[in-house]
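Numbering (our numbering), first residue to last: -4 to 443.
C-beta atoms are modelled at their ideal positions from N, C-alpha and C, and glycine is treated no differently.
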């Protein structure tokens, strides 16, 4: 068995530090040893607490801001090679967007394009300072082993991911069965893994029959949870109401599919009664503002009228969580929500709630920089020229940092990206292979 290489202790300092909990240190520093944060806070205090005569390294950010590694609660790795691709047929509503674009793309995926899509997205995640991802995968023509295929490159990248295969009836019973098996096998094989976990993936209520949900419920484990698109469009709510339910959450609850580890992406078309159900179950809604705008499906109410946890995700639109926070701010301002209300909610969704949810799956307090947490750290290429403190942090993110790329990313005390160079992935090879594979993928997509 290969012995794990230990990294030297390191101090990251030289710029403002945001600890993920709302605290900002003007002159921040983090002392990292044995994969964990030993001390985080003001530079003077941190340096004073480092044991004397320690053989260590120093990383001076030269004014750049220091953040915890960011968390994305709803992503789609498989969408990476779709940029520039056009739908086949009319797209006048949400269902046509699925049937004439996404459901044709996922059928064209094979083992190589699944892996390259994941690799391209992993490059983008790391570039955006994201170190924990909850992904939702679909490849009806290539199901068996697809999650392990993705997991193999996630492990190589150095980041954490919770993976699932989206089970659906839309391609027939055999595909449904294979999708469920893929999920269950992956969950079981990774139940004791540290950095890659399985979760039970479902597409949406409106693509799952009563019999299918009954079958799924036989295998549901509240300690594993589900990852589902829920109430993204009116079609989802209407389908459930036609079956006699209050809506999509009521239907999931009827089949006992809700727990504190359940992700409900979007959550736009939910009733007050359903929000009460979610509040009791402690399941999380994930806000995806950019895809909601792209699909013209509506806007999540903020704050929700009930005490339901809300997180943030990109839904495959990008891998940039800071840009997504900005998009959420602008979307809700356009919808007439007061700035104060937005800034009381959207940052908590992005940082606090994403961290709390991810902590149920991964040890080490993802999204937090404090003593004992994993050293998952992102230094962003942003040097504030105006005052930078806890009261105006989100103004800096929205109007200054949103397009800043990471200049250094560390996971569990190991630097995986530095000054434009990926240290765990071969960027040039990945991009060259992806260019070739995308041509074949597009041909398969067009010729279906």
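Helix, strand or coil at residue i according to DSSP, with G and I counted as helix
i	result
residue 199	strand
residue 417	strand
residue 52	strand
residue 63	strand
residue 156	strand
residue 432	helix
residue 173	helix
residue 186	coil
residue 35	strand
residue 162	strand
residue 85	coil
residue 136	coil
residue 16	coil
residue 168	helix
residue 424	helix
residue 439	helix
residue 179	helix
residue 95	helix
residue 1	coil
residue 80	coil
residue 47	coil
residue -4	Note that residue -4 scores a pLDDT of 38, beneath 50, so its modelled location is shaky; the value from the coordinates is reported in the next line. Correct three-state label for residue -4: coil.
C-beta contact flag for residue i and residue j at 9 angstroms
i	j	result
residue 278	residue 314	no
residue 220	residue 177	no
residue 294	residue 330	yes
residue 274	residue 243	no
residue 163	residue 188	no
residue 434	residue 153	no
residue 2	residue 30	yes
residue 20	residue 36	yes
residue 365	residue 101	no
residue 449	residue 332	The displayed coordinates of the chain run from -4 to 443. Any statement about residue 449 would go beyond what the structure contains.
residue 327	residue 379	no
residue 233	residue 89	no
residue 286	residue 262	no
residue 223	residue 201	no
residue 195	residue 215	yes
residue 46	residue 368	no
Beta strand (DSSP E) segment containing residue i, residue limits
i	result
residue 192	191 to 193
residue 11	5 to 13
residue 130	125 to 130
residue 21	19 to 28
Own chain, CB closer than 6 angstroms to residue i, minus 5 neighbours either side, in chain order
i	result
residue 291	none
residue 351	none
residue 10	56, 58, 59, 60 and 61
residue 446	It is not possible to answer for residue 446, since the shown part of the chain is limited to -4 through 443.
residue 400	122 and 376
residue 183	none
residue 393	321 and 324
residue 28	4
residue 208	250
residue 436	76, 103 and 108
residue 65	124, 125 and 316
residue 413	403
residue 438	none
residue 340	297 and 298
residue 420	152
Spatial neighbours of residue i in its chain, beta-carbon cut-off 7 angstroms, leaving aside the 5 residues before and after
i	result
residue 137	104, 105, 106 and 109
residue 148	110, 113, 114 and 117
residue 128	67, 70, 120, 154 and 156
residue 51	3, 4, 5 and 6
residue 17	385
Residues of its chain near residue i, where Cβ-Cβ distance is below 8 angstroms and the 5 sequence neighbours each way are ignored
i	result
residue 144	106, 109, 110 and 113
residue 146	156, 158, 181, 185 and 191
residue 441	83
residue 271	301
residue 166	102 and 135
residue 213	none
residue 337	297, 323, 324, 327 and 328
Segment limits, alpha helix (DSSP H) that includes residue i
i	result
residue 43	38 to 44
residue 108	106 to 122
residue 72	Taken as a continuous stretch (DSSP letters only), residue 72 belongs to no alpha helix (DSSP H), as it is neither H nor E.
residue 102	98 to 103
Contact with chain D by residue i, beta-carbon distance below 9 angstroms
i	result
residue 269	Protein chains in the displayed structure number just one, and chain D is not present.
>> Just to confirm the assignment: which complete alpha helix (DSSP H) runs, minimum length 4, are found wholly within the stretch 355 to 415?
In response: 388 to 391
> Of all the alpha helix (DSSP H) runs that stay within the bounds of the stretch 277 to 364, which reach a length of 4 or more residues?
Replying inline: 284 to 290, 316 to 329, 334 to 343 and 349 to 353
>> Suppose only complete runs of 4+ residues qualify. What are the alpha helix (DSSP H) ranges in the stretch 202 to 276, listed by chain order?
In response: 205 to 214, 229 to 237, 243 to 249 and 267 to 276
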